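Please read the structure below before turning to the comments.
Numbering (the numbering used here), first residue to last: 5 to 463.
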């Protein structure tokens with residue numbers, strides 16, 4: 005393990021724990037994998053606020069549209085076996101389709117460029133108003149005309165991936181879930197993954213939870229329902245640890261994968277730019293792409309009622325990251341990108357100098373906390389409540405013992421002022437001074453603030 009990686013993982017854990025706390029999330033699961041090993045396996049909070057069951061790293065959660073990556077693995081395995089071709093027309097394998105949909109290719113379905121409607125004309129399954137479509141209902145919807153011509157632009161479609169599930173069944177002669185479990189899930193080494201619910205009795209499955217604003221408090225959203233003919237688009241049940249094991253196998257340079265190198269390259273190539281979005285995103289074959297340069301990534305996100313997830317690999321760094329939250333308050337992709345920023349900073353600066361050991365930890369004032377992070381020969385003043393804790397971060401340099409200089413800072417803060425650790429008789433830091441601002445450990449800051457200000461009543 006690189007010398008910078010362990011301190012980066014230590015801070016990643018601390019930052020996620022604070023994000024869980026500041027957003028008052030029910031539960032959060034995270035895994036980071038590198039060199040074929042799990043480097044971080046974290047579970048925080050509750051699997052269910054109703055039962056009080058704790059969330060563990062083995063608790064299963066709904067991972068929704070990660071199912072599209074699983075389905076793409078299945079399709080590409082059939083391509084590797086010579087049983088499918090990417091330029092096959094959908095109508096070669098499934099009858100009853102609208103002629104334009106029948107003319108769409110496998111590659112267009114995988115890349116969401118077939119022009120098919122996203123969720124049909126009644127998407128009530130996403131709000132608990134109806135069950136997910138059965139096969140007859142999906143086939144009836146696929147008999148309608150696509151909304152735009154194929155190969156026009158990226159247009160996300162759960163119905164399109166439902167059609168891919170029907171194609172897998174037609175080619176293999178088996179139910180989608182049966183074939184996927186045997187030919188994708190098992191050989192990929194995923195012990196906690198299933199193509200759809202319900203899960204076997206006794207298997208730990210988290211509840212989903214709604215946001216607190218609508219009813220004034222969280223409500224529980226059961227996640228044990230099956231997804232019918234849309235399992236290929238949204239059915240999978242898994243864990244953050246299993247998701248990193250799968251997504252790591254997308255890397256064409258991965259030493260082991262259930263797919264050929266050629267199939268992996270085609271899956272992770274950027275086929276389409278996602279238009280009309282302020283966030284720079286692209287789509288491959290069952291893969292979402294983001295970032296640039298050495299920290300570019302690909303993987304997928306998932307949104308299920310009461311449960312959000314995101315998993316990606318950063319091939320140049322050799323790291324795969326996954327975050328699952330059983331509530332909708334925070335977008336997991338934002339947390340994963342925050343983790344990537346943490347890894348970037350530690351890698352760029354290196355492991356901390358031994359002399360900076362006292363310059364670590366969380367310090368509080370009535371304004372909230374800051375984190376001191378020693379990296380290389382400097383100390384970064386991070387803000388753990390931010391999506392990127394290093395946005396406009398100050399840096400303490402020229403550290404000698406317990407004193408340093410704020411050598412980098414925005415013009416609104418403490419540039420070139422003194423930073424100082426105040427210590428007790430044993431040399432333990434008990435306060436941090438940034439210029440004229442004094443920060444304390446959380447308990448002391450809470451006591452001081454509580455003594456000076458009236459605590460507002462809550463409703």
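Glycine is no exception: its CB is placed at the ideal position from the N, C-alpha and C atoms. Note that the structure is a prediction, hence the values are computed from the model and not measured.
**Request:** Indicate the three-state DSSP secondary structure (helix, strand or coil) for residue 89 in the structure shown.
**Result:** Three-state result, residue 89: coil.
Exercise. Which residues in the same chain have their Cβ closer than 8 angstroms to the Cβ of residue 102, if we skip the five residues on either side of it in sequence?
Worked result: 146, 147, 148, 149, 150
Exercise. In whole angstroms, what separates the C-alpha of residue 447 from that of residue 12?
Worked result: If I take the Cα positions, the gap works out to 26 angstroms.
Could I get the ranges of all uninterrupted beta strand (DSSP E) runs contained in the region 427-453, with 3 residues as the minimum, in chain order?
Runs of the beta strand (DSSP E) inside the region 427-453: 433-438, 441-443.
| query | Where residue 354 and residue 198 are concerned, what is the direct C-alpha to C-alpha distance, given to the nearest angstrom? | reply | 40 angstroms
Q) For the alpha helix (DSSP H) that contains residue 308, what are its first and last residues? A) Where residue 308 is concerned, there is no enclosing alpha helix (DSSP H), although the beta strand (DSSP E) it sits in stretches over 301-308.
Sequence-distant residues of its chain with Cβ nearer than 6 angstroms to residue 111 (five each side left out)
Once the five neighbours on either side are set aside, the close Cβ partners of residue 111 are 90.
Practice problem: State yes or no: is the C-beta of residue 37 within less than 7 angstroms of the C-beta of residue 248? | Solution: Remark: C-beta atoms of residue 37 and residue 248 approach each other more closely than 7 angstroms.
For this session: Report back the beta-carbon spacing between residue 94 and residue 76 to the nearest angstrom; my notes put them in contact at under 8 angstroms.
Result: Your pair residue 94 and residue 76 does not check out as a contact, with CB atoms roughly 15 angstroms apart and the cut at 8 angstroms.
(request) Could you say if the region 228-244 and the region 170-185 meet the contact criterion of at least three C-beta pairs nearer than 8 angstroms? (result) Enough Cβ pairs lie closer than 8 angstroms, so yes.
Worksheet entry | Proximity below 7 angstroms, CB of residue 378 to CB of residue 356 | Residue 378 places its beta carbon less than 7 angstroms from that of residue 356.
Worksheet item: Whole beta strand (DSSP E) runs in the region 27-56 with 3 or more residues, listed along the chain?
Response: 31-38, 41-49
- Query: Which runs of the alpha helix (DSSP H), 4 residues or longer, sit entirely within the region 332-356?
  - Reply: 336-353
**Request:** Have a look at the DSSP bridge pairing and note the partners of residue 400.
**Result:** Bridge partners of residue 400: 383, 410.
Anticipated Cβ contact below 8 angstroms, residue 24 with residue 49, distance rounded: 6 angstroms
Could you say which of 51, 80, 340 lies nearest to residue 472 if we only look at CA atoms? Missing from the structure shown is residue 472; the chain here goes from 5 to 463 and no further.
- Message: Our contact map puts residue 363 next to residue 383 with C-beta atoms below 8 angstroms; I'd like the distance itself, whole angstroms only.
- Response: 4 angstroms
**OP:** Give me whichever residues DSSP pairs with residue 209 in a beta bridge.
**Re:** 64
* Asked: Going by beta carbon distance, what residues of the same chain come within less than 8 angstroms of residue 338, once the five residues before and after it are set aside?
  -> 391
Considering just the uninterrupted stretch of the alpha helix (DSSP H) at residue 317, what are its terminal residues?
Where residue 317 is concerned, there is no enclosing alpha helix (DSSP H), although the beta strand (DSSP E) it sits in stretches over 311-318.
Beta-carbon within less than 6 angstroms of residue 411's beta-carbon, same chain only, minus the 5 sequence neighbours each way: which residues are those? 399, 401
inquiry  = I need the boundaries of the alpha helix (DSSP H) containing residue 74, first residue and last residue.
reply    = 70-84
**Asked** What number of angstroms, rounded off, separates the C-alpha of residue 312 from the C-alpha of residue 328?
**Response** When the Cα atoms are used, residue 312 and residue 328 turn out to be separated by approximately 6 angstroms.
task = Could you say if the region 295-304 and the region 109-129 meet the contact criterion of at least three C-beta pairs nearer than 8 angstroms?
result = Of all C-beta pairs linking the region 295-304 to the region 109-129, fewer than three are shorter than 8 angstroms, placing the two stretches out of contact.
Subject >> DSSP-derived helix/strand/coil call for residue 265 >> reply: Helix.
| residue 161 bridges to which residues according to DSSP? | Per DSSP, none; premise fails for residue 161.
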